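Residue numbers (our numbering): 7 to 465.
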């Protein structure tokens with residue numbers, strides 16, 4: 007499309023528009039639509055009192071609302087629906103509206119259609135945010151004007167007219183956002199794919215298909231970056247329409263990004279000694295490989311090396327909270343799946359005290375049992391998945407129940423206190439839940455912030 011935002015919003019005038027979810031990504035959109043004279047119905051499960059006066063402010067500008075448990079039952083006669091990223095597009099109310107002629111879209115889909123510059127988008131089960139942040143940081147360090155959005159940064163649709171053709175946009179895209187996407191980025195990056203979000207997706211096949219959709223709409227001349235060490239992502243190469251670049255931590259690649267004699271190479275060219283990367287863990291080495299492949303020919307080697315030496319990571323991702331009485335406390339609240347926690351455990355050369363457990367996304371925890379046996383000296387559990395994690399550990403080969411303390415707690419505060427009792431000088435305590443946060447927290451950020459507060463209150 008690549009028309010202006012003004013032209014796009016004017017095209018919606020005279021049409022009835024519904025925006026599902028009055029949250030971070032959609033509130034700026036609602037404001038812009040109202041300013042443009044569009045008839046907007048905002049639908050949200052929450053009550054009026056939950057918005058702190060925002061609803062009244064927007065209603066003064068012409069907003070109509072549908073709030074409460076029946077918020078999706080008011081879509082009759084709507085012409086365009088902007089769904090919130092985490093909402094399934096095939097909910098009965100949405101399907102009924104689409105069947106009656108409504109167009110289903112999202113803030114991100116509209117932005118992709120309007121964006122005037124090159125786009126790089128990152129998806130995957132693990133490493134999305136760190137890889138996205140590294141790519142954006144490398145481009146900025148190389149002198150590009152960079153806009154970051156999707157799951158991180160802020161909504162970009164309302165800024166699209168400020169973006170110039172020679173700028174760069176870097177996006178983190180979730181499987182939920184990709185489900186209905188009908189446009190692909192110029193450069194698509196898939197870090198890995200492993201079971202996740204199976205409480206929302208119908209099955210693993212649908213989850214994989216959503217991730218694959220990031221490259222499904224590419225054109226010749228576009229590029230896709232894939233993890234050769236992950237069987238699922240490597241298979242995506244067969245369906246790529248653009249140029250494929252593979253990265254691998256374990257294999258020697260002719261034309262891709264791989265590790266040779268301790269140095270990350272790109273097409274055989276030495277780029278970055280692995281031991282210069284400030285971020286700990288093999289998974290972060292892979293994140294850098296994906297990022298290096300994405301910025302190929304755009305960022306000089308020395309810029310990459312300097313950035314890697316200094317970049318300390320993203321909040322809630324193996325984030326050092328404090329050291330107390332010789333014990334280091336780390337916040338890895340982003341680890342909402344077993345594979346993510348496994349990566350965190352492997353980042354340390356010593357056995358750690360692990361705090362885990364949370365909301366159940368119906369994942370298989372078998373994989374985490376042997377890893378805990380190998381990398382954990384004491385296990386502290388809380389949340390709905392605690393029994394699953396405990397069972398996976400006790401059933402793992404080599405588990406000595408007498409040698410591995412397992413403490414079950416009612417909440418995170420108690421878990422932190424128990425970990426403190428178990429820790430000795432030189433130990434590492436890490437919150438890496440292997441589970442979502444929704445049993446006790448709104449999101450992983452709130453969980454991580456709460457953990458940090460509890461740790462900082464220790465004396």
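Ideal Cβ positions, reconstructed from N, Cα and C, are used throughout, including at glycine.
Note that the structure is predicted; figures quoted are calculated from it, not measured.
- Between the beta-carbon of residue 364 and that of residue 442 there is about 6 Å, and that keeps the pair under the 8 Å contact cut.
- Shortest Cα-Cα distance from residue 372 to any of 421, 386, 81 and 396 involves 396.
- Beta-carbon to beta-carbon, residue 164 and residue 38 are separated by about 5 Å, close enough to satisfy the 8 Å threshold.
- If you draw a straight line from the Cα of residue 31 to the Cα of residue 406, it is about 48 Å long.
- Residue burial is scored here from C-beta neighbours: residue 389 has at least 16 other C-beta atoms within 10 angstroms and is therefore classed as buried.
- Given a length threshold of 3 residues, each whole run of the beta strand (DSSP E) inside the segment 148-183 is given here in chain order: 152-156 and 174-178.
- The Cβ atoms of residue 142 and residue 154 lie closer than 7 Å to each other.
- When 68, 65 and 72 are compared, the shortest CA-CA separation from residue 52 is found for 72.
- According to DSSP, residue 334 shares a beta bridge with 329 and 434.
- Between residue 261 and residue 253, the alpha-carbon positions lie close to 9 Å from each other.
- Closest in C-alpha terms to residue 457, from the list 338, 355, 350 and 402, comes 338.
- The beta carbon of residue 429 sits closer than 7 Å to the beta carbons of 333, 359 and 435 from its chain, once the five residues preceding and following it are set aside; these are given in chain order.
- Approximately 6 Å separates the beta-carbon atoms of residue 103 and residue 84; this is inside 8 Å, confirming the contact.
- Here the C-alpha atom of residue 42 lies approximately 22 Å from the C-alpha atom of residue 170.
- Between residue 270 and residue 147, the C-beta gap is not smaller than 7 Å, which leaves the two residues out of contact.
- In the three-state reduction of the DSSP assignment, residue 317 falls in the coil class.
- In the structure shown, the three-state DSSP call for residue 219 is helix.
- In the displayed model, residue 55 falls within a helix according to three-state DSSP.
- In this structure, residue 24 sits near residue 87, with a CB-CB distance shorter than 7 Å.
- Non-local C-beta neighbours of residue 424 in its own chain, meaning closer than 8 Å and more than five positions away in sequence, comprise 386, 413 and 415, ordered along the chain.
- For the pair residue 44 and residue 19, the CB atoms are nearer than the 7 Å cut-off.
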